[in-house]
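*Asks:*
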Amino acid sequence: MRASFIVDTNVGKLARWLRMLGYDTLFINNIDDEELIAIGLKEKRVLLTKDTQIMLRRVVISDRLQAILIQSDDVKAQLLQVVRAMKLDQERKFTLCLECNEPLVPKRKDEVQELVPPYVFKTQPNYYQCPSCQRVYWRGTHWQRMKQEVETLMGAEE
(Lines of atoms letter the chains of each structure in order from A; the text may use other names.)
(Lines give C-alpha, C1' and ligand atoms only; values in the text may rest on other atoms or scores of the structure.)
Protein backbone atom coordinates (compact mmCIF):
# COMPACT_ATOMS: atom_id res chain seq x y z
CA MET A 27 0.00 0.00 0.00
CA ARG A 28 1.31 3.45 -0.93
CA ALA A 29 2.10 5.71 2.02
CA SER A 30 -0.10 8.70 2.78
CA PHE A 31 0.74 11.48 5.20
CA ILE A 32 -0.68 14.09 7.52
CA VAL A 33 1.59 17.07 8.10
CA ASP A 34 1.71 19.13 11.29
CA THR A 35 1.55 22.92 10.92
CA ASN A 36 5.21 23.20 11.95
CA VAL A 37 6.27 21.45 8.72
CA GLY A 38 3.47 22.64 6.42
CA LYS A 39 5.72 23.42 3.43
CA LEU A 40 6.65 19.74 3.31
CA ALA A 41 3.11 18.93 2.12
CA ARG A 42 3.64 20.57 -1.29
CA TRP A 43 6.87 18.67 -1.85
CA LEU A 44 5.32 15.32 -0.97
CA ARG A 45 2.40 16.12 -3.28
CA MET A 46 4.94 16.91 -6.00
CA LEU A 47 6.17 13.34 -5.62
CA GLY A 48 2.57 12.13 -5.92
CA TYR A 49 1.97 11.24 -2.27
CA ASP A 50 -1.43 11.90 -0.72
CA THR A 51 -0.58 14.48 1.95
CA LEU A 52 -3.07 16.25 4.22
CA PHE A 53 -2.22 19.65 5.62
CA ILE A 54 -4.83 21.37 7.77
CA ASN A 55 -3.78 24.74 9.15
CA ASN A 56 -4.54 25.52 12.80
CA ILE A 57 -5.41 21.95 13.74
CA ASP A 58 -4.86 20.84 17.33
CA ASP A 59 -2.78 17.79 18.19
CA GLU A 60 -5.78 15.67 19.19
CA GLU A 61 -7.49 16.15 15.84
CA LEU A 62 -4.22 15.65 13.96
CA ILE A 63 -3.71 12.32 15.71
CA ALA A 64 -7.36 11.28 15.27
CA ILE A 65 -7.22 11.87 11.51
CA GLY A 66 -3.87 10.10 11.25
CA LEU A 67 -5.28 7.05 13.04
CA LYS A 68 -8.61 6.98 11.21
CA GLU A 69 -7.08 7.37 7.74
CA LYS A 70 -3.91 5.35 8.49
CA ARG A 71 -1.63 8.24 7.61
CA VAL A 72 1.97 8.74 8.68
CA LEU A 73 2.23 11.83 10.88
CA LEU A 74 5.09 14.21 10.09
CA THR A 75 5.94 16.69 12.84
CA LYS A 76 8.69 18.64 14.61
CA ASP A 77 6.72 18.44 17.87
CA THR A 78 8.66 16.23 20.29
CA GLN A 79 5.66 16.08 22.64
CA ILE A 80 3.53 14.32 20.02
CA MET A 81 6.29 11.73 19.66
CA LEU A 82 5.96 10.92 23.39
CA ARG A 83 2.26 10.09 23.18
CA ARG A 84 1.23 6.52 23.85
CA VAL A 85 -0.42 6.20 20.43
CA VAL A 86 2.96 6.93 18.77
CA ILE A 87 5.16 4.98 21.20
CA SER A 88 2.92 1.92 20.80
CA ASP A 89 3.16 2.24 16.99
CA ARG A 90 -0.60 2.54 16.56
CA LEU A 91 0.18 5.79 14.75
CA GLN A 92 3.31 5.87 12.64
CA ALA A 93 5.07 9.20 13.06
CA ILE A 94 8.34 10.73 11.95
CA LEU A 95 10.02 13.45 13.98
CA ILE A 96 11.33 15.89 11.39
CA GLN A 97 14.83 17.07 12.25
CA SER A 98 15.59 20.02 9.97
CA ASP A 99 14.07 23.45 9.41
CA ASP A 100 15.00 23.22 5.71
CA VAL A 101 12.12 21.83 3.64
CA LYS A 102 14.40 19.98 1.21
CA ALA A 103 16.24 18.29 4.06
CA GLN A 104 12.85 17.42 5.56
CA LEU A 105 11.75 15.82 2.30
CA LEU A 106 14.98 13.87 2.04
CA GLN A 107 14.49 12.59 5.60
CA VAL A 108 10.97 11.35 4.75
CA VAL A 109 12.08 9.87 1.40
CA ARG A 110 14.79 7.88 3.18
CA ALA A 111 12.69 6.84 6.17
CA MET A 112 9.74 5.71 4.04
CA LYS A 113 11.71 4.60 0.96
CA LEU A 114 9.58 6.80 -1.27
CA ASP A 115 9.78 6.69 -5.06
CA GLN A 116 8.88 9.21 -7.72
CA GLU A 117 6.75 6.98 -9.94
CA ARG A 118 3.71 9.26 -9.67
CA LYS A 119 5.35 12.67 -9.42
CA PHE A 120 3.27 15.64 -10.55
CA THR A 121 -0.04 13.77 -10.46
CA LEU A 122 -1.62 15.68 -7.54
CA CYS A 123 -2.72 19.28 -7.14
CA LEU A 124 -0.10 21.03 -5.02
CA GLU A 125 -2.84 23.07 -3.33
CA CYS A 126 -5.73 20.63 -2.88
CA ASN A 127 -4.05 17.22 -2.88
CA GLU A 128 -6.58 16.01 -5.50
CA PRO A 129 -5.53 13.83 -8.46
CA LEU A 130 -5.06 15.92 -11.59
CA VAL A 131 -7.21 15.24 -14.64
CA PRO A 132 -5.79 15.51 -18.19
CA LYS A 133 -7.55 18.21 -20.23
CA ARG A 134 -7.74 18.87 -23.95
CA LYS A 135 -6.08 22.06 -25.10
CA ASP A 136 -9.39 23.61 -26.18
CA GLU A 137 -10.83 23.02 -22.68
CA VAL A 138 -8.28 25.30 -21.02
CA GLN A 139 -7.92 28.09 -23.59
CA GLU A 140 -9.74 30.62 -21.40
CA LEU A 141 -7.87 29.49 -18.27
CA VAL A 142 -4.23 29.89 -19.31
CA PRO A 143 -2.18 32.83 -20.63
CA PRO A 144 -2.14 33.15 -24.46
CA TYR A 145 1.59 32.37 -24.75
CA VAL A 146 1.15 29.21 -22.67
CA PHE A 147 -1.79 28.15 -24.82
CA LYS A 148 0.29 28.67 -27.95
CA THR A 149 3.38 26.81 -26.71
CA GLN A 150 2.14 24.00 -24.46
CA PRO A 151 0.37 20.88 -25.80
CA ASN A 152 -0.59 19.12 -22.54
CA TYR A 153 -2.66 20.33 -19.60
CA TYR A 154 -3.91 18.93 -16.30
CA GLN A 155 -6.58 20.38 -14.04
CA CYS A 156 -7.54 19.96 -10.42
CA PRO A 157 -11.22 19.00 -10.23
CA SER A 158 -11.49 20.69 -6.84
CA CYS A 159 -9.86 24.13 -7.16
CA GLN A 160 -9.84 24.20 -11.00
CA ARG A 161 -6.15 25.15 -11.06
CA VAL A 162 -4.54 24.28 -14.41
CA TYR A 163 -1.04 22.79 -14.69
CA TRP A 164 1.23 22.48 -17.72
CA ARG A 165 4.82 21.47 -18.27
CA GLY A 166 6.42 24.88 -18.73
CA THR A 167 9.63 26.30 -17.27
CA HIS A 168 8.28 26.33 -13.70
CA TRP A 169 7.44 22.62 -13.99
CA GLN A 170 10.91 21.94 -15.44
CA ARG A 171 12.58 23.68 -12.48
CA MET A 172 10.46 21.71 -9.97
CA LYS A 173 11.20 18.47 -11.84
CA GLN A 174 14.94 19.22 -11.77
CA GLU A 175 14.83 19.97 -8.03
CA VAL A 176 12.95 16.74 -7.31
CA GLU A 177 15.33 14.69 -9.46
CA THR A 178 18.37 16.29 -7.84
CA LEU A 179 16.95 15.61 -4.39
CA MET A 180 15.99 12.03 -5.24
CA GLY A 181 19.44 11.54 -6.77
CA ALA A 182 20.95 12.56 -3.42
CA GLU A 183 18.92 9.73 -1.91
CA GLU A 184 20.65 7.03 -4.00
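Numbering (this note's numbering), first residue to last: 27 to 184.
In this text, a Cβ means the ideal position worked out from N, Cα and C, and glycines have one as well.
If you run the structure through DSSP and keep just helix, strand and coil, what is Tyr185?
*Replies:* No information on residue 185 is available, as it lies outside the stretch 27 to 184 that the chain covers here.
*Asks:* Under the DSSP definition of a beta bridge, which residues are partnered with Thr51?
*Replies:* By 1-based counting over the sequence shown, the position of residue 51 is 25. DSSP lists Phe31 as partners of Thr51.
*Asks:* Does Ile94 come out as helix, strand or coil in the three-state DSSP assignment?
*Replies:* Stepping through the sequence shown from its first residue, residue 94 is reached at position 68. Ile94: strand per DSSP, three-state reduction.
*Asks:* Which whole-angstrom value describes the C-beta separation of Leu114 and Ala29, a residue pair presumed to lie in contact below a C-beta threshold of 8 Å?
*Replies:* As a position in the sequence shown, residue 114 is number 88, starting the count at 1. As a position in the sequence shown, residue 29 is number 3, starting the count at 1. Yes, they are in contact, since the Cβ atoms of Leu114 and Ala29 sit about 7 Å apart, within 8 Å.
*Asks:* Going by the DSSP bridge assignment, what does Val162 pair with across the sheet?
*Replies:* Locating residue 162 in the sequence shown gives position 136, where the first residue counts as 1. Gln155.
*Asks:* Run the CB neighbour count on Trp164, radius 10 Å, all protein chains shown included, and call it buried at 16 or more, exposed below.
*Replies:* Here the question's residue 164 lines up with position 138 in the sequence shown. Burial call: buried.
*Asks:* Specify whether the region 76-91 and the region 38-53 touch according to this definition: at least 3 beta carbon pairs, one from each stretch, less than 8 Å apart.
*Replies:* no
*Asks:* When you compare only the Cα positions, how much space is there between Lys135 and Asp100?
*Replies:* Translated into positions along the sequence shown, residue 135 becomes position 109. Translated into positions along the sequence shown, residue 100 becomes position 74. When rounded, the distance between both Cα atoms is 37 Å.
*Asks:* Answer yes if the region 140-157 comes into contact with the region 69-82, meaning at least three C-beta pairs across the two stretches below 8 Å, and no otherwise.
*Replies:* Counting Cβ pairs under 8 Å, fewer than three are found: no touch.
*Asks:* Applying the criterion that 16 or more other CB atoms from any shown protein chain within 10 Å of the CB defines a buried residue, is Cys156 buried or exposed?
*Replies:* To locate residue 156, count along the sequence shown from 1; it is residue 130. Per the 10 Å Cβ criterion, buried.
*Asks:* In whole angstroms, what is the alpha-carbon distance linking Gln104 and Glu60?
*Replies:* In the sequence shown, the residue the question calls residue 104 occupies position 78. In the sequence shown, the residue the question calls residue 60 occupies position 34. It is roughly 23 Å from the alpha-carbon of Gln104 to the alpha-carbon of Glu60.
*Asks:* Mapping the DSSP letters down to three states, classify Leu122 as helix, strand or coil.
*Replies:* Here residue 122 refers to the residue found at position 96 of the sequence shown. Leu122 falls in the strand class under three-state DSSP.
*Asks:* Specify, as a first and last residue, the run of the alpha helix (DSSP H) that Leu82 falls within.
*Replies:* Taking the first residue of the sequence shown as position 1, residue 82 is located at position 56. Looking at the DSSP string, Leu82 is not in any alpha helix (DSSP H), and its letter there is neither H nor E.
*Asks:* If you count every other CB in all the chains shown that lies within 10 Å of the CB of Leu82, and 16 or more means buried, which is it?
*Replies:* As a working mapping, residue 82 is identified with position 56 in the sequence shown. By the beta-carbon neighbour count (other beta carbons within 10 angstroms, threshold 16), Leu82 is exposed.
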